[in-house]
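Trainee:
Chains as they are written, first to last, in the numbering used here: chain A, -8 to 101; chain B, 6 to 654.
As structure tokens, then:
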């Protein structure tokens, strides 16, 4: 079963996987850049990370070594941490100002 | 290490200086004395005295029969073809210098213990004094030009520190600064000479340099002479010759033992020593030899005439020193290097004695240095009087005192040598006459007649303590007998060998002999008689004028004509001020400070600062505070990087 899906993916010359990766990544970028709430932007970041993960895993499979997979495991861990910290910050910001609209937070203007 | 004895000789004074220096610093820091003048003085004296004893051992026992001994404790630098070792070498020339320097230094250190008594910063004084001896030994024993140069600069530094020893008085601090700056000008010449020699010889070891100029000189006649003259410019700075002599009279602001040690006996003779050390170079450069001869002769006469009218006891001696150094250069310029060193040695004895004697007088007078207010000191300070007179007889050239032999030999060589010159000889004779005159003027005004100072000073008059009179006696004895090791064959009819000549001649004629024109013995005797007659003439003239001073010496302000010119030292200081110092000051303030520094350099610094400020204002537009804009920049940058990676690599 898994072999069939794997064969399909590899057999397609990577077009399928790479397309999925690119679509995911672009969705992530678009989410980050155009959604106006911090929560959505965080989700966009996660999408981008997952696109990268998928990419790594695909190429690890293609080249028949495990380093890519190991790296993607690391990215999972980092992403989890990032989400935890990010959401904590967002919750606190919400408690302070009552909004998580990104345009509210522009104190860093030079 | 072979001959590590030499290393000990050099390092002993340094050890004394370090120890005293640390204590001086600690004393100042803790505001109470760890040890005072007594211990530091004894320490300083004993290191130098030990150095002297070891030097004697090294010269007379270890070196007996040998031409030279050397010791290389350290390889200083190796770069390409350049290889400089720190090598200390004692050959016959440096042996003489070594003994004179350590010996006279030891005596003067001892004298200093009495002289500096009661001064609050005596520990600092002894630190400098010891450091000076160390630097001087580097200069003398260094076997290569850089090591010699380190010593050369070191003695300059110590001279500066000691002239400005009482730095709280502006005038003395300024004198120190003047000495330093004038010396720097000379040092620049020395450096240029060194570079020029290195560029052609490819080695800086003194023996190599002399050998090169003697054997395979591939430099053109012009550049050979330029190199030798550059070195001589260094010598004019250190040894106070025209045109750089102006610092020496001002240097008398320092403590008197310093004047005796540094500005009479040792440091100022470094230039003469250097010329003799590089005699191979000078023998290859006849024009430079002529320059040395003429500068020496003119300086001798010039400063001797100035000394005729000075009223400050130390100033007279200072100009006398300049004049005597001129004599030494005359000898060197005539190719009589042995005689130059001989006069250097005898001069070290009698001039140190004179300076220490004047220190004793000043001590008794409570700081008064003007001979118009002295007089009749003979009966108050018999020991000082006796030694001072003996040294005066020596410098005036009375036989059989030390100065007679050396000065007479100089004049004879200038007269007869192939490099010599009858006109310079005449100049030297006149200078010798002036020397005898001003020295006896000094003696008569100081020690004879009746006391012309205040009642209070008269009450205070006393003979100096033993620590001061014993060195005086030693030096006076040396001024008497010091010349006897170099009695010319002609005078002793070959009965007594000319030890000094025989000792130095092999070392100093390695690179060729100087031709001496042939004259009959009668001529030689006649010249000798003439120089004695001149000494007597100077003495009698001074005796006639100043023996019993019945009149008040005129106020210098009323001088006119030639006496005004001489009293004002030919207005040389004023001329230098007007034509050199002030233009440089003008150039410095108006061009280098106000335009180059304030406008160009500050302008560039401030301009770039405000320029970047405006750039920052423009760039801050991008820092909008909008996180999503930042995301966009990032994406943009990443895309650019991606494109670069894809298409350019």
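Backbone N, C-alpha and C fix where the C-beta goes; we use that ideal spot for every residue, glycine too.
(1) Short of 6 Å in beta carbon distance, which residues of its chain neighbour residue 109 of chain B, apart from the five on each side in sequence? Order them along the chain.
(2) Which value, in whole angstroms, describes the spacing of the CA atoms of residue 161 of chain B and residue 243 of chain B?
(3) Would you decide whether residue 507 of chain B is buried or exposed? Buried here means 16 or more other CB atoms lie within 10 Å of its CB.
(4) Excluding the 5 residues preceding and the 5 following residue 48 of chain A in the sequence, name in chain order all residues of the same chain whose CB lies nearer than 7 Å to its CB.
(5) Alpha carbon to alpha carbon, how far is residue 38 of chain B from residue 65 of chain B? Give it in angstroms, no decimals.
(6) Mind reading off the beta-carbon distance from residue 685 of chain B to residue 195 of chain B? Whole number of angstroms is fine, and I expect it under 8 Å.
(7) Does the Cβ of residue 189 of chain B have 16 or more other Cβ atoms within 10 Å, making it buried, or fewer, making it exposed?
(8) In this structure, how does DSSP classify residue 317 of chain B when only helix, strand and coil are distinguished?
(9) Shortest alpha-carbon distance to residue 137 of chain B belongs to which of B/126, B/122 and B/114?
(10) Tell me whether residue 90 of chain B sits in a helix, a strand or coil according to DSSP, three-state version.
(11) Rank B/100, B/406 and B/60 by C-alpha distance to the C-alpha of residue 484 of chain B and give the top, closest one.
(12) Helix, strand or coil: how does DSSP classify residue 455 of chain B here?
(13) Cβ of residue 80 of chain B less than 9 Å from any chain A Cβ?
(14) Could you name the residues that DSSP lists as bridge partners for residue 165 of chain B?
(15) Give a yes or no on whether 9 Å exceeds the smallest Cβ distance from residue 645 of chain B to chain A.
(16) Rounded to whole angstroms, what's the CA-CA distance from residue 69 of chain B to residue 465 of chain B? Just pull it up for me.
(17) Work out the CA separation of residue 10 of chain A and residue 51 of chain A for me, nearest whole Å.
(18) Who are residue 76 of chain B's beta bridge partners in DSSP?
(19) Could you list which residues in chain B have their beta carbon closer than 8 Å to that of residue 23 of chain A, in chain order?
(20) Can you pull the chain B neighbours of residue 20 of chain A, defined as C-beta to C-beta under 9 Å?
(21) My guess is that residue 332 of chain B and residue 305 of chain B are in contact by the Cβ rule of under 8 Å, so how many angstroms apart are they, rounded?
(22) Counting beta carbon pairs with one atom in the region 268 to 282 of chain B and one in the region 99 to 106 of chain B, are three or more of them shorter than 8 Å?
(23) Quick check: is the beta carbon of residue 630 of chain B nearer than 9 Å to any beta carbon in chain A?
(24) Apart from the five residues just before and just after residue 40 of chain B, which ones in its own chain have a Cβ nearer than 7 Å to its Cβ?
(25) Taking C-alpha atoms, which residue in B/14, B/549 and B/265 lies nearest to residue 168 of chain B?
(26) Just the C-alpha distance for residue 156 of chain B and residue 363 of chain B, rounded to the nearest angstrom, thanks.
(27) Quick one: does residue 99 of chain A have its CB under 9 Å from some CB of chain B?
(28) Candidates B/519, B/421 and B/433: which alpha carbon is nearest residue 412 of chain B's?
(29) Assuming residue 443 of chain B contacts residue 548 of chain B (C-beta within less than 8 Å), just tell me the rounded distance between them.
(30) Taking 8 Å as the cut-off, does the region 467 to 474 of chain B touch the region 365 to 372 of chain B (at least 3 CB pairs, one atom from each stretch)?
(31) Give the range of the alpha helix (DSSP H) segment to which residue 157 of chain A is assigned.
(32) What are the boundary residues of the alpha helix (DSSP H) that residue 473 of chain B is part of?
(33) Let me check you understand the geometry: is the CB of residue 468 of chain B closer than 8 Å to at least one non-hydrogen atom of the ligand HEM?
(34) Does chain E have any CB closer than 9 Å to the CB of residue 93 of chain A?
(35) Excluding the 5 residues flanking residue 564 of chain B on each side, which residues of the same chain have their C-beta closer than 6 Å to its C-beta?
(36) Closer than 9 Å, CB to CB, is residue 32 of chain A near chain B or not?
Mentor: If we stick to the structure as given:
(1) In the same chain as residue 109 of chain B, and ignoring 5 residues on each side of it, the C-beta atoms closer than 6 Å to its own belong to 270, 353 and 357, in chain order.
(2) The alpha-carbon of residue 161 of chain B is positioned some 8 Å away from that of residue 243 of chain B.
(3) When all chains shown are included, residue 507 of chain B counts as exposed.
(4) Residues 59, 60 and 63 of the same chain have their beta carbon placed closer than 7 Å to that of residue 48 of chain A, with the five preceding and five following residues left out of the count.
(5) C-alpha separation (whole angstroms): 41 Å.
(6) Here chain B covers residues 6 to 654 and nothing more, so residue 685 of chain B does not appear.
(7) Per the 10 Å Cβ criterion, exposed.
(8) Residue 317 of chain B falls in the strand class under three-state DSSP.
(9) Measuring from the Cα of residue 137 of chain B, the nearest candidate turns out to be B/114.
(10) Reduced to three states, the DSSP call for residue 90 of chain B is strand.
(11) Answer by Cα proximity: B/406.
(12) Reduced to three states, the DSSP call for residue 455 of chain B is coil.
(13) Interface residue (Cβ-Cβ distance to chain A less than 9 Å): residue 80 of chain B is not classified as such.
(14) DSSP output for residue 165 of chain B lists no bridge partner at all.
(15) Not one beta carbon of chain A lies nearer than 9 Å to the beta carbon of residue 645 of chain B.
(16) Using only the alpha carbons, I get a separation of about 51 Å.
(17) If you take the alpha carbons of residue 51 of chain A and residue 10 of chain A, they lie about 17 Å apart.
(18) DSSP links residue 76 of chain B through a beta bridge to B/93.
(19) By Cβ distance, chain B contributes 633 and 636.
(20) Against chain B, a Cβ distance below 9 Å from residue 20 of chain A picks out 636 and 640.
(21) Right, their Cβ atoms sit about 5 Å apart.
(22) Three or more beta-carbon pairs separated by less than 8 Å link the region 99 to 106 of chain B to the region 268 to 282 of chain B, which places the two stretches in contact.
(23) The beta carbon of residue 630 of chain B sits closer than 9 Å to some beta carbon of chain A.
(24) Closer than 7 Å at Cβ, skipping near neighbours: 28.
(25) The option with the nearest alpha carbon to residue 168 of chain B is B/265.
(26) If you take the alpha carbons of residue 156 of chain B and residue 363 of chain B, they lie about 29 Å apart.
(27) It does; some Cβ of chain B falls within 9 Å.
(28) Selected option, being the one with the closest Cα: B/433.
(29) Residue 548 of chain B and residue 443 of chain B do not touch by the CB rule: their CB atoms are close to 13 Å apart, not below 8 Å.
(30) Counting Cβ pairs under 8 Å, three or more are found: they touch.
(31) No information on residue 157 of chain A is available, as it lies outside the stretch -8 to 101 that chain A covers here.
(32) Residues 471 to 486.
(33) Absence of the ligand HEM from the depicted structure is noted, as is the absence of any ligand whatsoever, leaving it without description.
(34) Protein chains A and B are contained in the structure displayed, whereas chain E is not.
(35) 572, listed in sequence order.
(36) For residue 32 of chain A, the answer is yes, since a Cβ of chain B falls inside 9 Å of its Cβ.
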